[in-house]
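According to UniProt numbering, the sequence shown is numbered sequentially starting from 1. Where is the CB? At the ideal position from N, CA and C, for every residue including glycine.
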Amino acid sequence: MEHELLLPSANGFRLCRSHPLPCAHLTYRRSPVQGRAPLRQNKRQGNASTLTRAEVRGGGRKPFAQKGTGNARQGSSRTPLKPGGGVIFGPKPRDWSIKMNKKERRLAYATAFQNAAESITVVDDLEGSLTQPRTKELMAALKRWGVDPEAHTLIIVDRLFDNLNLAGRNVRNVVFNTINNLSVYDLLRADRVVVESSALSFIQEFYGASSTPNSKAVAPPVTYADTSAPDLSTPIEASSAEKESPAEPEAAAEPESGAQAETGAEAQQDE
């Protein structure tokens with residue numbers, strides 16, 4: 001699937017170029033939300049910790065005699081049944097991160113880009129056009145690009161630079177990210193996506209159809225013409241003799257046997 005896109009710059013100039021978006025397509029049935037789940041879970045710190053009965057302070061002495069008091073027998077004042085005692089099966093620090101296969105992760109990115117294709121705006125590189133770190137210029141550029149200032153906007157750049165960071169850090173609904181640090185969560189959360197032309201080439205290379213598994217849309221191989229070969233663009237008509245069905249080849253003569261050879265030799269001598 002190819003989308004014809006104009007490339008406006010931050011100062012209003014438009015460049016007429018067309019860029020096809022990655023068309024790695026949705027023969028894969030899993031939702032991109034499943035690709036977002038590992039990202040959210042991997043951010044979990046897992047610092048919860050409790051003290052077990054062996055780790056709490058005190059409780060080394062038997063509180064009272066085993067018999068004669070009428071109470072239930074106890075061996076420690078730090079039993080889990082008493083206040084201040086240890087915790088049974090309490091949480092301990094652990095790693096909650098889960099692994100996602102490389103091909104699945106790449107397919108999740110390609111699916112997220114495909115779902116956001118209608119909301120993607122491709123612009124010229126901002127580093128050369130955004131010359132001053134002014135929020136007013138950035139907001140004016142977003143308005144020219146047709147981006148609603150109230151919509152959650154993700155700007156994907158090839159490299160973050162100071163003017164862009166300073167101009168947009170106090171805008172509530174604008175988020176910047178480089179193509180190397182992009183996540184599926186950022187794409188699914190954004191209402192509008194603005195992509196630099198240089199970042200789009202990276203997207204096509206790594207998340208396009210030819211580099212994504214389970215995709216039927218594979219780019220055809222490129223065939224280069226041989227300059228030394230004759231020009232075969234004009235078809236050559238066959239002659240009338242060639243159009244006729246070719247004659248069957250004659251059968252090869254079988255070698256004579258020994259008896260037949262001797263008979264032939266005798267006949268020659270008699271003559």
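For residue i, report the span of its beta strand (DSSP E) as first-last.
i, result
"V184", "Where V184 is concerned, there is no enclosing beta strand (DSSP E), although the alpha helix (DSSP H) it sits in stretches over 184 to 189."
Closer than 6 Å by C-beta to residue i: which residues in its own chain qualify, once you throw out the five before and the five after it? Chain order, please.
i, result
"G59", "S76, S77, R78"
"N163", "L130, P133"
"K62", "G75"
"P38", "I98, M100"
"T121", "W145, V194"
"T135", "A167"
"T52", "G86"
"V222", "Confidence in V222 is poor, its pLDDT being 25 and thus under 50, which makes the residue's placement too unreliable to answer from."
"E196", "D125, V157, D158"
"I155", "F176, V194"
What are the partner residues of residue i, as DSSP defines its beta bridges?
i, result
"F176", "I155"
"T121", "V194"
In terms of alpha-carbon separation, which member of the options lies closest to residue i?
i, options, result
"A116", "L142, V184, P149", "V184"
"P83", "D186, V56, A48, A140", "V56"
"Q41", "S49, A72, R73, M100", "M100"
"E127", "V171, T153, K136, V157", "V157"
"V123", "A72, L51, S198, F89", "S198"
"K182", "L142, R172, A110", "Note on residue identity: the sequence assigns Leu, not Lys, to residue 182. The candidate whose alpha carbon is nearest that of L182 is A110."
"Y207", "R106, I155, N173", "R106"
"L200", "D125, A108, K43, G68", "D125"
"residue 279", "K67, E205, P80, Q66", "Since the displayed the chain opens at 1 and closes at 271, residue 279 lies outside it and no answer follows."
Starting from residue i, trace the alpha helix (DSSP H) in both directions and tell me its first and last residue.
i, result
"I203", "197 to 207"
"L142", "135 to 144"
"G128", "126 to 129"
"Q114", "102 to 115"
"L164", "162 to 168"
Note down, in chain order, each residue of its chain lying with its Cβ closer than 7 Å to the Cβ of residue i, except the 5 sequence neighbours on either side.
i, result
"L160", "F176, T178"
"S49", "P91, K92, P93"
"I88", "P80"
"K67", "none"
Quick check on residue i - is its C-beta less than 8 Å from some C-beta in chain C?
i, result
"N181", "Going by chain labels, chain C is absent from the structure shown, which holds only one protein chain."
Which same chain residues end up closer than 8 Å to residue i when comparing Cβ atoms and leaving out the 5 residues on each side of it in sequence?
i, result
"N47", "P93"
"F64", "N71, Q74"
"R172", "none"
"T153", "L142, V147, N173, V174, V175, A190, D191, R192, V193, V194"
Is residue i close to the ligand NAD? I mean its beta-carbon at under 7 Å from any heavy atom of the ligand.
i, result
"Y109", "As far as ligands go, the structure on display features none, and thus does not contain the ligand NAD."
Exercise. Is the stretch 153 to 167 touching the stretch 95 to 105 in the sense that three or more CB pairs, one from each, lie closer than 8 Å?
Worked result: no
Exercise. Do the stretch 139 to 149 and the stretch 192 to 201 make contact, defined as three or more Cβ pairs closer than 8 Å?
Worked result: yes
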